[in-house]
Amino acid sequence: MMSSQLGQDHFVLAVLNGMRNGYFLDSGAADGVRSSNTLLLESAYGWRGICIEPNDRYFQALQKNRQCLCIHGCLYDHEGEVEFLEGANMLGGILQEYTPAMLRYTHHVFGPDLASVRKPTRTIASVLYECSAPPVIDYWSLDTEGSELAILKSFPFDDYRLRVLTVEHNRQPVRKDIRQFLEARGFRHIHDFGIDDCYLGPDAHLPPSEPYAAWRSSALHRR
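Sequential numbering from 107 applies to the sequence shown in my numbering.
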């Protein structure tokens, strides 16, 4: 069983030695099923966690599809209001965080008349505190269509530890900035999924076991 777009779920499990009963954070969860990086963890490995989704229609489906805590909100680095491309579906994000290239692509897919809507924002810290998240987040899937770096910079690293993190960059220039920010905090880049990068937290270690080595070898041969 695999629900993620590029095998992130199985990769995370390989890195964490098939961990059961872990804790995840899924920001940009969509309907919780299609291309989900955390559905397998929850449904087959007993993980708990938080799914966060700003799109109204997707959030309604998310609540029906998942058993974990589901938060209807638009994450950003501060609380306020932003223009959000709701009609872009899974490509929807905060308008001011789109690069010109990504905005052109989104309009190409959904049409030049794609309108934005006003949405309130909240910080990742406020979600974690509200949900009484544990101090160790075993896996964070961060996919918010352009606002990833802003959200990362607002993460309460003093209060929570991350073990494994995948961050979408869509091959945009911000990829370098994300990597520099995380490596300065002790994270280690361990895999390139093409449009996502995977990082290992400062206190986490790659397993010596064969499953991880086998997964990485097969992934490299598929590219």
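All C-beta atoms in this analysis are idealised placements derived from N, C-alpha and C, irrespective of residue type, glycine included. The structure presented is a predicted model; accordingly, all values stated were derived computationally and were not measured.
Going by Cα to Cα distance, which pick from the options is closest to residue i?
i: R291; options: K259, H297, L112, V273; result: K259
i: S109; options: E289, L119, L146, Q278; result: L146
i: Q114; options: R210, A136, A239, S142; result: S142
i: L191; options: Y182, H178, L209; result: L209
i: Y129; options: E189, R269, R294; result: R269
i: Y151; options: K170, L122, R140; result: L122
i: E274; options: H184, S222, Y305; result: Y305
i: L112; options: I301, G252, G307; result: I301
i: G155; options: S238, A221, P226, H295; result: S238
i: Y211; options: C176, H178, G134, L197; result: L197
i: V223; options: C180, D298, H295; result: C180
i: V280; options: R163, R140, I177, A207; result: A207
i: G124; options: E148, A135, H178; result: E148
What is the DSSP secondary structure of residue i, counted as helix, strand or coil?
i: Y164; result: helix
i: S141; result: strand
i: S149; result: helix
i: F299; result: coil
i: R294; result: strand
i: H178; result: strand
i: N123; result: coil
i: F287; result: helix
i: H116; result: helix
i: R345; result: The question about residue 345 has no answer, for the chain in this structure spans 107 to 329.
i: L326; result: Bear in mind that a pLDDT of 45 at L326, under 50, signals an unreliable position, so the model cannot answer this.
When you compare only the Cα positions, how much space is there between residue i and residue j?
i: L234; j: P262; result: 9 Å
i: F165; j: R172; result: 10 Å
i: L326; j: G186; result: Caution applies to L326, whose pLDDT of 45 falls short of 50 and renders its modelled position unreliable; the model cannot decide the point.
i: L248; j: W153; result: 17 Å
i: Q278; j: Q202; result: 15 Å
i: C157; j: D264; result: 22 Å
i: L168; j: R267; result: 26 Å
i: L271; j: P218; result: 34 Å
i: L131; j: A310; result: 17 Å
i: T205; j: I243; result: 29 Å
i: T250; j: G199; result: 6 Å
i: T144; j: Y245; result: 9 Å
i: R328; j: F117; result: With a pLDDT of 47 at R328, under the threshold of 50, the modelled position of that residue is not reliable, and the figure given next carries that caveat. Each residue's Cα considered, the two are about 14 Å apart.
i: P241; j: R126; result: 17 Å
i: P313; j: K282; result: 26 Å
i: G365; j: F293; result: A query on residue 365 cannot be resolved here, the shown segment of the chain reaching from 107 to 329 and no further.
i: A256; j: I230; result: 10 Å
i: H295; j: L119; result: 17 Å
i: D303; j: Q286; result: 12 Å
DSSP has residue i in a bridge; who is on the other side?
i: F130; result: G155, Y245
i: S109; result: According to DSSP, S109 bridges with nothing at all.
i: L306; result: V270, R294
Going along the chain, which unbroken runs of the alpha helix (DSSP H) with 4 or more residues stay wholly within the region 248-276? 254-259
Runs of beta strand (DSSP E) wholly within the region 184-233 (minimum 3 residues, chain order): 187-190, 223-228
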